[in-house]
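Residue numbers (our numbering), protein chains in the order written: chain A, 177 to 292; chain B, 92 to 207.
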């Protein structure tokens, strides 16, 4: 079965550079979530989209932005990168949101960002 | 807001030992509860879930029962294997009655190391 696809899997950037991560949800999933997992930490919710509209917002820095496109894939844009942005970034998808949701998220394998 | 507390690791067990990883939660309404597992270098995989009180989730020999009276969702396995070595995350999502988004709130994770 098709899973959540994230790209790139690994990314190395310098401080103050910009990075873009992409996420392709499972077919027919309309909701996408972004999580950030620092070394030895639990995943922290950043932002989510339902039907191309932002549905919830967590601890996402102002330097980061994200959007969901008409084909439901999502991109996370990170600017003015800092050393502390080095982390594993997970994308997850689900069908529906809130009361219409199944309550189950399917995660991609993550994109590892290293900021030097 | 929602929160999840799980026992700190690492937990080191011999193969075939009994496993318990404690998880308690704080949430409004009727959340769904999950256990996710993260193997080294990989993403998060759903291990099991329970969506209402007294439900028991089970998979691959792991079990957890949704206890509303004690707000707990402890993970158990009768006989662990070396291949079970991983980090286990307890998580919850807003219950349907609250109308909240399906985003997950994670515990801090418990690392399990199983030795021969």
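Where a beta carbon is used, it is the ideal one built from N, C-alpha and C, also for glycine.
Only a predicted model underlies this, so the values are computations on that prediction, with no experimental measurement involved.
Neighbourhood of residue i by C-beta, 6 Å cutoff - its chain only, sequence neighbours within 5 removed
i: residue 228 (chain A); result: 244
i: residue 100 (chain B); result: 201, 202
i: residue 123 (chain B); result: 142, 184
i: residue 152 (chain B); result: 168
i: residue 234 (chain A); result: 221, 222
Partner residues on chain B for residue i, Cβ-Cβ distance less than 8 Å
i: residue 200 (chain A); result: Ordered by position in chain B, no residue passes the 8 Å Cβ test against residue 200 (chain A), which lies about 14 Å from the chain.
i: residue 221 (chain A); result: 194, 195, 196
i: residue 247 (chain A); result: Within chain B, no residue comes near residue 247 (chain A); the closest Cβ sits about 21 Å away, beyond 8 Å.
Among the options, the one whose alpha carbon lies nearest that of residue i
i: residue 94 (chain B); options: A:250, A:221, A:237; result: A:221
i: residue 146 (chain B); options: B:98, B:164, B:131, B:133; result: B:164
i: residue 144 (chain B); options: B:133, B:116, B:131, B:127; result: B:116
i: residue 218 (chain A); options: A:183, A:265, A:289, A:281; result: A:265
i: residue 211 (chain A); options: A:236, A:196, A:185; result: A:236
i: residue 150 (chain B); options: B:118, B:136, B:162; result: B:136
Where residue i meets chain D, residues with beta-carbon distance less than 7 Å
i: residue 180 (chain B); result: You won't find chain D in this structure, because its protein chains are A and B.
Residues near residue i by beta carbon distance below 7 Å, same chain, minus five either side
i: residue 190 (chain B); result: Note that residue 190 (chain B) scores 45 on pLDDT, short of 50, meaning its location in the model is unreliable; the coordinates nonetheless yield the value given after this. So no residue of the chain qualifies.
Where residue i meets chain A, residues with beta-carbon distance less than 8 Å
i: residue 199 (chain B); result: 217, 218
Reduced DSSP category for residue i - H, G, I as helix; E, B as strand; rest coil
i: residue 171 (chain B); result: coil
i: residue 203 (chain B); result: strand
i: residue 177 (chain B); result: strand
i: residue 148 (chain B); result: strand
Contact set between residue i and chain A, taken where Cβ atoms lie within less than 7 Å
i: residue 137 (chain B); result: 280
Within chain B, the residues that residue i reaches when beta carbons sit closer than 7 Å
i: residue 285 (chain A); result: 133, 134
i: residue 240 (chain A); result: Simply none; closest approach about 16 Å.
Neighbourhood of residue i by C-beta distance below 8 Å, restricted to the same chain and skipping five residues each side
i: residue 250 (chain A); result: 198, 199, 201, 208, 210, 225, 242, 243, 244, 267
- request: Output the residue ranges of the beta strand (DSSP E) runs that lie fully inside the stretch 182 to 243 of chain A and measure 3 residues or longer, sorted by chain position.
  value: 186 to 189, 195 to 200, 207 to 213, 220 to 226, 229 to 233
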